[in-house]
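For the sequence shown, the working numbering gives the first residue as 24, with consecutive numbering after it. See below for the structure under consideration.
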Amino acid sequence: MSCLLQVVSGINLYMIRQVRFDKKQRVVDELIRRIESGLMEDGFQLPGEHQLAQEFKVSRGTLREALAELKRRNYIATQSGVGSIVTFDGVVLDQRSGWAQALADSGALINTEVLRLEAVTRPDLLPRFGTDQFITLDRRRRSTDGKLVSLERSLMPATGGLESLPRVGLIDNSLTITLAAYGYIGERGDQWIGAEPLSAEDAELLGRPVGTVFLKALRTTYDRQNRFMEQVESLLDPVHFRLHLQFGNPQ
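Shown next as structure tokens:
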């Protein structure tokens with residue numbers, strides 16, 4: 024009887040491993056298909072783990088095995104050089120695709136409200152960006168309990184087709200996808216993060232008392248052609264958002 028049980032257990036273990044291998048291989052094969060067919064071009068930023076795991080209906084462990092296989096076969100590469108990261112309720116946010124996508128990839132249940140999408144003139148930014156004509160997109164984000172947790176103001180140059188955004192709107196409600204559709208794909212930039220009390224205007228928009236201290240992030244991004252593509256100022260509730268700094272060699 025004990026021998027029979029050992030054999031059955033071995034079969035079950037084999038079946039479990041086989042199912043996991045099949046799921047991993049399905050992810051690998053599909054992503055290779057997208058890459059080789061041109062659906063994912065060179066430099067394309069893969070969605071986050073949470074989004075991919077949901078799409079393929081696999082665990083994050085299985086997904087990571089699939090991504091490791093793709094990396095081993097030189098289909099994908101990781102991007103290094105990020106020394107500091109922002110977290111939301113302890114979950115790391117990959118900001119390269121913007122706050123909205125980063126929050127979605129983290130699995131956070133956040134509702135986004137567009138407050139303004141219009142053309143503006145900013146003479147003060149002419150010396151820095153070579154233009155004073157911009158498109159501004161103001162958004163605020165609310166957690167499932169109804170509390171506002173962030174206010175975001177994005178500025179994009181009103182050129183290269185982006186000047187039509189107030190009329191045509193965003194693609195799939197995503198600024199990152201919209202910018203990419205117009206040929207703007209982020210390549211480099213910088214971000215400053217500090218803290219400051221809310222002004223009367225910001226406090227009203229966030230439903231907080233004037234002077235409440237929020238984290239303030241100012242992020243500037245340039246595309247592959249070295250063109251300015253976005254400057255975003257974000258006010259972040261420090262109850263939910265944290266800045267995490269890494270140093271030394273990762274183990």
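In this text, a Cβ means the ideal position worked out from N, Cα and C, and glycines have one as well. Because the structure is a prediction, the values reported are computed rather than measured.
Under 8 Å between C-beta atoms of residue i and residue j
| i | j | result |
| --- | --- | --- |
| residue 138 | residue 164 | no |
| residue 205 | residue 169 | no |
| residue 232 | residue 240 | no |
Residues that residue i bridges to, as DSSP identifies them
| i | result |
| --- | --- |
| residue 239 | 217 and 258 |
| residue 209 | 246 |
| residue 194 | 197 |
| residue 134 | 165 |
| residue 143 | 157 |
| residue 227 | For residue 227, which the question treats as bridged, DSSP gives no partner whatsoever. |
| residue 57 | Answer is none; residue 57 lacks a bridge partner. |
| residue 174 | 163 and 258 |
Length of the line joining the Cα atoms of residue i and residue j
| i | j | result |
| --- | --- | --- |
| residue 346 | residue 175 | Shown here, the chain extends from 24 to 274; a query on residue 346 therefore has no answer. |
| residue 217 | residue 148 | 21 Å |
| residue 79 | residue 50 | 7 Å |
| residue 322 | residue 263 | Here the chain comprises residues numbered 24 to 274, so residue 322 is not present and cannot be evaluated. |
| residue 135 | residue 196 | 9 Å |
| residue 99 | residue 54 | 10 Å |
| residue 95 | residue 58 | 15 Å |
| residue 83 | residue 45 | 15 Å |
| residue 209 | residue 152 | 16 Å |
| residue 146 | residue 212 | 22 Å |
| residue 171 | residue 86 | 32 Å |
| residue 72 | residue 61 | 21 Å |
| residue 249 | residue 242 | 16 Å |
| residue 158 | residue 47 | 42 Å |
| residue 235 | residue 258 | 11 Å |
| residue 230 | residue 261 | 15 Å |
| residue 167 | residue 228 | 17 Å |
| residue 215 | residue 160 | 20 Å |
| residue 88 | residue 143 | 47 Å |
| residue 150 | residue 194 | 30 Å |
| residue 90 | residue 81 | 12 Å |
Rounded distance between the beta-carbons of residue j and residue i, thought under 8 Å
| i | j | result |
| --- | --- | --- |
| residue 253 | residue 187 | With 8 Å as the limit, residue 253 and residue 187 do not qualify as a contact, their Cβ atoms being about 16 Å apart. |
| residue 141 | residue 189 | 5 Å |
| residue 246 | residue 207 | 5 Å |
Query - Cβ contact check for the stretch 196-209 and the stretch 221-232: 3 or more pairs under 8 Å - result: no
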